[in-house]
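Peer 1: Numbering (this note's numbering), first residue to last: 15 to 231. Ideal Cβ placement from N, Cα and C applies to all residues, glycine included.
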């Protein structure tokens, strides 16, 4: 590297004849280009081997799946032939349609219940949903400079003892979602871990949309 920098020194270019300069630059740079070419060829070889192995794994996987699919298809065809031979094909088909219809109705009813819960949550102003109760300590909407943040005191669930003399935890929910599970949706969350250690817990939540005239931080 020192030889390369010395050869590329502009002052040396001025002092040295052009033929000498060309010779020195060539002698210094040519080995480096050779090493770069060798490294590039080795990298290309590694990538080629990796690609071939990946293609081989894909072919083996699809071949195994195809074999299982043919086996299951043969088993299904054998079952249909057996049912047809017993004269129960019509009854089995009717039972299948009944079961599929019941499952479809249950699925639609579940989606309806989910939609009702969503509408109720929206009508309530999208309050945060946690695994435990909470109380509001301070609402940013009540401050002179309004914001959509809310400071909450998390109430320990039944069976959890909190020592008020321990250092309190203040958890700020990230802006990746509406009070995401990392904050307090589940017992295995930051709130739950702090409760298990007996610490008081406060959580800074936020409203999904800023209030009129509020500052979204």
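Assuming residue 209 contacts residue 174 under a Cβ cut-off of 8 Å, what Cβ separation, rounded to an integer in Å, is found between them?
Peer 2: Counting from one through the chain shown, the residue named residue 209 turns up at place 195. Counting from one through the chain shown, the residue named residue 174 turns up at place 160. About 5 Å separates the two Cβ atoms, so the contact holds.
Peer 1: Return yes when the Cβ of residue 219 is within less than 8 Å of the Cβ of residue 166, no when it is not.
Peer 2: Here residue 166 corresponds to residue number 152 of the chain shown, with the count starting at 1. Here residue 219 corresponds to residue number 205 of the chain shown, with the count starting at 1. Yes, Cβ-Cβ distance for residue 166 and residue 219 is below 8 Å.
Peer 1: Note down, one range per segment and in chain order, each beta strand (DSSP E) of at least 3 residues found wholly within the segment 162-186.
Peer 2: Correct list: 163-168 and 183-186.
Peer 1: Would you mind sorting residue 221 into buried or exposed? The rule is 16 or more other CB atoms within 10 Å of its CB.
Peer 2: For the purposes of this step, residue 221 is identified with residue 207 of the chain shown, where counting begins at 1. So residue 221 ends up on the buried side.
Peer 1: Go ahead and pull the three-state DSSP assignment for residue 27.
Peer 2: Here residue 27 is taken as the residue at index 13 of the chain shown, counted from 1. In this prediction, residue 27 has a pLDDT of 49, which is less than 50 and means its spatial position is unreliable; nothing more can be read from the coordinates.
Peer 1: When burial is assigned at 16 or more other CB atoms within 10 Å of the CB, is residue 168 buried or exposed?
Peer 2: In the chain shown, the residue the question calls residue 168 occupies position 154. Buried: at least 16 other Cβ atoms inside 10 Å.
Peer 1: Please classify residue 217: is it buried, with 16 or more other beta-carbons within 10 angstroms of its beta-carbon, or exposed?
Peer 2: The residue given as residue 217 occupies position 203 in the chain shown. The residue in question, residue 217, is buried, as its Cβ has 16 or more Cβ neighbours within 10 Å.
Peer 1: Within 7 Å: the Cβ of residue 224 and any heavy atom of the ligand COA?
Peer 2: In the structure shown, the ligand COA is absent, as is every other ligand, since no ligand is present at all.
Peer 1: Residue 220 bridges to which residues according to DSSP?
Peer 2: On the chain shown, residue 220 is found 206 positions in, with the first residue counted as 1. Beta-bridge pairing links residue 220 to 163.
Peer 1: Identify, in the order they occur along the chain, each residue of the same chain with its Cβ nearer than 7 Å to the Cβ of residue 131, setting aside the five sequence neighbours on each side.
Peer 2: Residue mapping note: residue 131 aligns to position 117 of the chain shown, counting from 1. So the list is empty, once near-sequence residues are dropped.
Peer 1: Are the Cβ atoms of residue 199 and residue 144 separated by less than 8 Å?
Peer 2: Here the question's residue 199 lines up with position 185 in the chain shown. Here the question's residue 144 lines up with position 130 in the chain shown. Taking 8 Å as the Cβ cut-off, residue 199 and residue 144 qualify as a contacting pair.
Peer 1: With a floor of 3 residues, list each beta strand (DSSP E) that falls wholly inside the segment 86-159, ordered by position along the chain.
Peer 2: 148-153
Peer 1: To the nearest angstrom, how far is it from the Cα of residue 150 to the Cα of residue 183?
Peer 2: If you number the chain shown from 1, residue 150 lands on position 136. If you number the chain shown from 1, residue 183 lands on position 169. When rounded, the distance between both Cα atoms is 16 Å.
Peer 1: Can you give me the C-alpha to C-alpha distance between residue 100 and residue 124, rounded to a whole angstrom?
Peer 2: The residue you call residue 100 lines up with position 86 of the chain shown. The residue you call residue 124 lines up with position 110 of the chain shown. Their Cα atoms are separated by approximately 38 Å.
Peer 1: With a Cβ-Cβ cutoff of 8 Å, do residue 129 and residue 177 count as a contact?
Peer 2: Numbered from 1 along the chain shown, position 115 holds the residue referred to as residue 129. Numbered from 1 along the chain shown, position 163 holds the residue referred to as residue 177. Contact: no.
Peer 1: Can you have a look at residue 185 and say buried or exposed, based on whether 16 or more other CB atoms are within 10 angstroms of its CB?
Peer 2: On the chain shown, residue 185 is found 171 positions in, with the first residue counted as 1. Label assigned to residue 185: buried.
Peer 1: To the nearest whole angstrom, what separates the beta carbons of residue 146 and residue 170, a pair I think is in contact under 8 Å?
Peer 2: Taking the chain shown and counting its residues from 1, one reaches residue 146 at position 132. Taking the chain shown and counting its residues from 1, one reaches residue 170 at position 156. At roughly 7 Å, the Cβ-Cβ gap stays under 8 Å, so residue 146 and residue 170 are in contact.
Peer 1: Which partner residues does residue 215 have in the DSSP bridge list?
Peer 2: Locating residue 215 in the chain shown gives position 201, counting from the first residue. DSSP lists 183 as partners of residue 215.
Peer 1: Could you compute how far the alpha carbon of residue 95 sits from the alpha carbon of residue 107?
Peer 2: Counted from its first residue, the chain shown places residue 95 at position 81. Counted from its first residue, the chain shown places residue 107 at position 93. Those two C-alpha atoms are separated by around 13 Å.
Peer 1: So, is residue 71 buried or exposed, given that buried needs 16 or more other C-beta atoms within 10 angstroms?
Peer 2: Within the chain shown, numbered from 1, the residue matching residue 71 stands at position 57. By the neighbour-count definition (other C-beta atoms within 10 Å, threshold 16), residue 71 is an exposed residue.
Peer 1: Does DSSP put residue 233 in a helix, a strand or coil?
Peer 2: The question about residue 233 has no answer, for the chain in this structure spans 15 to 231.
Peer 1: Buried or exposed for residue 148, going by 16 or more other Cβ atoms inside 10 Å?
Peer 2: Position 134 of the chain shown, counting from 1, holds the residue named residue 148. Buried.
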